[in-house]
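**Q** Residue numbers (my numbering): 6 to 139.
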Ligand code: CO
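#1: Please tell me whether, using a cut-off of 7 angstroms, the distance from the CB of residue 22 to the nearest non-hydrogen atom of the ligand CO is below it.
#2: Are residue 127 and residue 43 closer than 8 angstroms when you measure CB to CB?
#3: Identify which residue in 96, 103, 48 and 101 has its Cα closest to the Cα of residue 12.
#4: Does the region 22-39 come close enough to the region 96-107 to have 3 or more Cβ pairs within less than 8 angstroms?
#5: Using a 10 Å radius around the Cβ and a threshold of 16 neighbouring Cβ atoms, would you call residue 9 buried or exposed?
#6: Which residues share a DSSP beta bridge with residue 82?
#7: Starting from residue 92, trace the alpha helix (DSSP H) both ways and give me its first and last residue.
#8: Assuming residue 80 and residue 16 are in contact, meaning their beta carbons sit under 8 angstroms apart, how far apart are those beta carbons, in whole angstroms?
Here you go:
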């Protein structure tokens with residue numbers, strides 16, 4: 006069902022510092038920051054030849070990554086995102102196999118304007134999994 010690794014997301018307490026690390030020290034191509042109020046985050050993508058790294062900074066009250074950063078004050082790996090062809094078919098199969106889809110279960114548009122869903126980390130080896138229809 007899952008295809009390519011679309012991105013690995015890292016929550017960061019200081020987006021400017023993280024951009025400087027990736028752009029100036031690691032020499033990567035980095036996109037300008039993008040606010041995603043629906044998701045409560047500001048994102049920057051680091052474009053690598055084979056995948057992307059998504060840097061996440063909390064945006065607004067009740068950001069879903071605020072608690073994560075409270076527990077991991079210097080930041081840390083937050084989720085991984087796999088590509089799927091059909092997000093509704095993927096969701097229905099996951100639910101019928103007993104996996105928990107977070108939120109309402111209806112896909113929201115993610116950082117690339119494509120529909121995404123998140124799966125409960127306890128169902129996937131302690132890792133928050135995002136699926137994105139490409
Ligand atoms: Co993501």
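Glycine included, every Cβ here is placed at the ideal spot set by N, Cα and C.
**A** A quick look at the data gives this:
#1: Counting from 1 along the chain shown, the entry for residue 22 is found at position 17. Flag unset: Cβ of residue 22 not near the ligand CO.
#2: In the chain shown, residue 127 corresponds to position 122, counting from 1. In the chain shown, residue 43 corresponds to position 38, counting from 1. No, they are not a contact pair.
#3: The sequence position of residue 12 within the chain shown is 7, counting from 1. Minimum Cα distance to residue 12 is reached at 48.
#4: no
#5: Residue mapping note: residue 9 aligns to position 4 of the chain shown, counting from 1. Residue 9 comes out exposed.
#6: Translated into positions along the chain shown, residue 82 becomes position 77. Residue 82 is bridged to 15.
#7: Along the chain shown, one-based indexing puts residue 92 at 87. It spans 92-101 - the alpha helix (DSSP H) in which residue 92 sits, taken as one unbroken run.
#8: One-based indexing of the chain shown puts residue 80 at position 75. One-based indexing of the chain shown puts residue 16 at position 11. Indeed they touch by this definition, with Cβ atoms about 5 angstroms apart.
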